[in-house]
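Below: one structure, written as structure tokens.
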Amino acid sequence: MTMTISVRLEHLNSVTYGGQQQHDMRDAKRIPKYVDKDRSDKNSILIAGPSADHLQQEIIRHRKKAKQRGFRKDGRLALSGIVTFGTEAQSIINDMTPEKQNAVFRKIAERTAKLADRELISLVVHRDESAPHAHFMLRSYKHDQETGHEIPMNLAAVDLRMLQDVAGNEVSDLGITRGKSKKKRIADGEEPANWIHRSVKQLHETLPADIAKVEERRKQIEIEAEEALDRYLKNIRLAEQAQIDLEQKKGDEEKVKKRLEVYKKRAEDAEEKQRQLDDEKNKLDVDIAANREALEKLDAGIAKKRQEVALLDAQSQQKKAVTAQVRDAMPVLEGKIIPMTRNRILSQEAVDAYHAQVAEYIRDKAVQMGRNAIREAHENVTRREENVKEREAQVQHKESSLLEWDAALKTREQRLDNYASVLDENRKLKLRLETIGTHVGHILGIENASMNRGKTLRAVESASSMASFRKALAEQRLIMTGQGRGDTPGY
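Everything in the sequence shown is counted per this note's numbering, starting at 4 for the first residue and increasing by one.
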């Protein structure tokens, strides 16, 4: 049945929020290949959401004022939602004018916000993909006007089943409903195979392809992450050297400035690439969660299969017991049964014996057929259980690989943070040394002490006495007018 509507939700942090917003607003840097750019002007921006930084600073400001704990950098900012329709329902939506479509999507988003008790901060309708759909965002934190507290959202507390009911009610006048829930299938007395085996079959069809895509992208991310890190470190070093050359007036000043800007731009590009890779990592987190959900469903399927096997075994034992009782109760026929006499007149004894022989034949055939059917059913269940176990092992292996990659990405991220911290400390030390060199130059009366602070420091480092210090200054072509007595005016 495809006359259905679906609403899906997921949390966003400051990084994934920005990526989702770029996707929703069709940022030129984040437009997927499957988007028809010629139709992007038909999209509708009903509510333009705030930037991740603005929303984060607002929450931090409120929490600080209310004396709450600090807000984590990777804390959840918003709840992202997407509204989609089944194949047949899409034709009904497509027949509407954009204005009517917008009204439908807005009504569903507002009802979702009311159910979750959160503010609707963004709503965009996309018509440049294969089917019309809407993206919306809800503010993860609720600002309590009385206490001033920012209250976080617990997605588990939101009745997701009721959410689907609410969405279905909003479009029921169009003949569109929510999908039939598992609880409803059970209540209607549907066979377990109709709602268990179907889920397992769908997982078997989609999981291998999804996992293959994640593995392929994971390899690409690994290569790109190493390249981006190398580019970032290389251009940071080159930018530092260019800054030193500019300060010491080495080479053509304009060329040095241009080179410095180029290195800074390359470093920023590499940093942006790192951010994009972080987005990819968050997507992998979603994939891991999806695989875990698939494992849970497979576990449920295996448990159900085991119950079915146990039931079949019990039925088989019961049938064997009944068959044994019937066999023991039936008389044993001896000799060959001849239903007719020589004058071809049937005797009553012959008829009774013939009927008994036919009954025994039918009974044996029925028992054999029953045994064959039970054995075949048992073998089928065993094969299915083995297949499910094999799939479970494959998914567990893939999940383990994804977790290892997640740990590797976090290690690289930590390395980058450590390098930035060391780099900042080195810059501070450099500034302190340059200040010391300037002051020493002024105290000793060295000409152009500020410009020659580096040479002054090198002379100090290499000298062991005043004589060797003066010699070192002479080698650096520096003139000391204060004679080392600190008699320079003002110092």
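For each residue, glycine too, the CB sits at the ideal point set by N, CA and C.
Evaluate residue i with the Cβ neighbour count: other Cβ atoms within 10 Å of its Cβ, from every protein chain shown; 16 or more gives buried, anything less gives exposed.
i              : result
threonine 90   : exposed
valine 174     : buried
aspartate 56   : exposed
threonine 484  : exposed
tyrosine 20    : buried
lysine 458     : buried
glycine 338    : Any reading at glycine 338 must be qualified, since the residue scores a pLDDT of 45, below 50, and its modelled position is unreliable; the value itself is stated next. So glycine 338 ends up on the exposed side.
glycine 440    : buried
serine 94      : exposed
asparagine 375 : exposed
aspartate 27   : buried
lysine 308     : buried
asparagine 455 : buried
histidine 400  : exposed
glutamine 23   : buried
isoleucine 179 : buried
valine 10      : buried
tyrosine 144   : buried
methionine 469 : exposed
methionine 4   : At methionine 4 the pLDDT is 49, less than 50, meaning the model places this residue with poor confidence; the figure from the coordinates comes in the next sentence. Label assigned to methionine 4: exposed.
alanine 31     : exposed
threonine 7    : buried
isoleucine 482 : exposed
serine 403     : exposed
leucine 434    : exposed
leucine 436    : exposed
leucine 166    : buried
valine 107     : buried
tryptophan 394 : A small correction: the amino acid at residue 394 is arginine; tryptophan does not occupy that position in the sequence shown. Buried, since its Cβ has 16 or more Cβ neighbours within 10 Å.
valine 391     : buried
If we define contact as Cβ-Cβ less than 8 Å, is residue i a contact residue for chain B?
i           : result
arginine 75 : Reference to chain B is not applicable here, since this structure consists of a single protein chain.
Nearest to residue i by alpha carbon, out of the options?
i             : options                           : result
leucine 232   : Ile8, Lys252, Glu271 and Lys67    : Glu271
leucine 241   : Lys253, Glu229, Arg269 and Lys252 : Arg269
threonine 1   : Phe139, Val127 and Arg130         : Not covered by the structure: residue 1. The range shown for the chain is 4 to 494.
glutamine 371 : Ser319, Lys413, Leu406 and Arg418 : Ser319
leucine 82    : Gln104, Arg109, Leu123 and Ala92  : Leu123
valine 425    : Ile239, Phe74 and Ala477          : Ile239
threonine 1   : Asp131, His136 and Ala69          : For the chain, the structure presents residues 4 to 494; residue 1 sits outside this window and is missing.
aspartate 248 : Arg234, Leu263, Tyr235 and Leu236 : Leu263
alanine 134   : Asp316, Met165 and Val86          : Val86
serine 17     : Ala92, Gln279, Ala317 and Arg418  : Gln279
isoleucine 50 : Glu13, Ala92 and Ala112           : Ala112
glycine 78    : Leu58, Ala380 and Ser403          : Leu58
glutamine 310 : Lys252, Glu388 and Phe472         : Glu388
arginine 121  : Glu153, Lys368, Ile63 and Lys237  : Glu153
histidine 136 : Pro155, Leu177, Ala92 and Gln167  : Ala92
lysine 323    : Arg234, Gly373 and Ala466         : Gly373
glutamine 148 : His65, Asp420 and Leu166          : His65
glutamine 223 : Glu250, Lys267 and Glu283         : Glu283
glutamine 277 : Ile226, Arg142 and Val384         : Ile226
Tell me, please, which residues DSSP counts as bridged to residue i.
i                : result
leucine 141      : Leu82 and Leu123
isoleucine 154   : Lys145
methionine 483   : Ile449
valine 10        : Val86
histidine 26     : Looking at the DSSP assignment, histidine 26 forms no beta bridge with any residue, so it has no partner.
threonine 180    : Thr7
isoleucine 48    : Val127
phenylalanine 16 : Strictly speaking, residue 16 in this sequence is asparagine, with phenylalanine absent from that position. Note: asparagine 16 sits in a beta bridge opposite Arg79.
histidine 136    : His129
Would you say the beta carbon of residue i comes nearer than 7 Å to a heavy atom of the ligand NAD?
i           : result
leucine 263 : Ligands are entirely absent from the displayed structure, and the ligand NAD is therefore not among its contents.
Just to confirm the assignment: which complete beta strand (DSSP E) runs, minimum length 3, are found wholly within the region 50–91? 79–88
Starting from the N-terminal side, write out each stretch of the beta strand (DSSP E) that is 3 residues or longer and does not extend beyond the region 378–427. none
Between the region 103–112 and the region 33–45, do at least 3 Cβ pairs fall closer than 8 Å? no
Using a Cβ distance threshold of 8 Å, determine whether the region 406–422 contacts the region 444–452, with at least three qualifying pairs required. no
Inter-stretch contact at 8 Å, needing at least 3 Cβ pairs: the region 23–37 / the region 123–132: yes
Enumerate, from N- to C-terminal direction, the unbroken alpha helix (DSSP H) stretches of 4 or more residues contained entirely within the region 228–259. none
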